[in-house]
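Those letters in the sequence shown? Residues 823 to 1007, by this note's numbering.
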Amino acid sequence: MVRSKGIISHRKGLTCEQEYGKERAIAIKEKSRESHKEQVAWNKGLKDCNKGTKAGFQKGHPKFNNYSFPKGHKPWNTGMKGFIAGKNHWNWRGGISKIDKLIRQIPEYKLWREKIFQRDDYTCKYCDTRGCYIEAHHLKQFKILLMLYGIKSLENARSCQELWDTNNGITLCLPCHNKTKLGRK
Ligand SMILES: [Zn+2]
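Next up, the structure:
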């Protein structure tokens, strides 16, 4: 025990004896001992209290449980599937796919295609195959022409000269045509 060595004065670093003299020091020590008799150490009987509280804290603490969202909580993106689709999407081309399809069904388009086939003698201009399934390929992409001239109706399309220019078309067999489509959509 530290106390048996004598109470060290907080003022000078001297023992009680040195500071107050032998007699008085003994009296002080006695008094001190008496006053401490009834005291119970704060941690008496609390062996492992540290351990216990720590474990208890962890077990019941929400942070350490499998954290889950409160009932009724909605993820931020619920119901937002496709929320950038359509006109707000960066790749939106003003509904060109629709008019693209429509134009390919009108007689003018079929005539343009036929002119190219006849000019190329129904032969693939890439691989010289004849008599197989052929398609008319646009040298300048059809969709790009539609965008370029702002074609939004069949009337727009019919009045567009470049759209019906046979110099923008070439006859290709299916495999060759597919090759031209690689890397573009
Ligand atoms: Zn070919």
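Glycine included, C-beta positions come from ideal geometry on N, C-alpha and C.
- For the 8 Å CB-CB criterion, C995 and Y944 do not form a contact.
- For the pair I938 and I973, the CB atoms are not nearer than the 8 Å cut-off.
- Within the same chain, E984 and L985 come within 7 Å of L967 by CB-CB distance, once the 5 residues on both sides are set aside.
- Those residues placing their Cβ nearer than 6 Å to any heavy atom of ligand 1 are, following chain order, C946, Y948, C949, T951, L994, C995, P997 and C998.
- Rounded to the nearest whole angstrom, the C-alpha separation of I921 and G953 is 31 Å.
- Excluding sequence positions up to five before and after R935, its CB lies within less than 6 Å of the CB of A958, all in the same chain and listed in chain order.
- In this structure, the straight-line span from the alpha carbon of L970 to that of L961 is close to 14 Å.
- When the Cα atoms are used, K965 and I928 turn out to be separated by approximately 16 Å.
- Around the beta carbon of A849, a 10 Å sphere encloses fewer than 16 other beta carbons of the protein chains shown; the residue is thus reported as exposed.
- Distance from the CA atom of R855 to the CA atom of Q840, rounded to whole angstroms, is 19 Å.
- Cβ contact annotation for I918 (same chain, cutoff 7 Å, sequence separation greater than five): K965, L968 and M969, in chain order.
- Per the C-alpha coordinates, the member of K853, E845, K844 and L924 positioned closest to R980 is L924.
- Per the C-alpha coordinates, the member of K851, E845, G843 and E930 positioned closest to N978 is E930.
- In this structure, Y948 sits near C998, with a CB-CB distance shorter than 8 Å.
- Boundaries for C982: no beta strand (DSSP E) harbours it, and the DSSP string shows neither H nor E there.
- Taking 8 Å as the cut-off, the beta carbon of R941 is found closer than this to the beta carbon of T988.
- Membership of C995 in the beta strand (DSSP E) is indicated by the continuous run G991 to C995.
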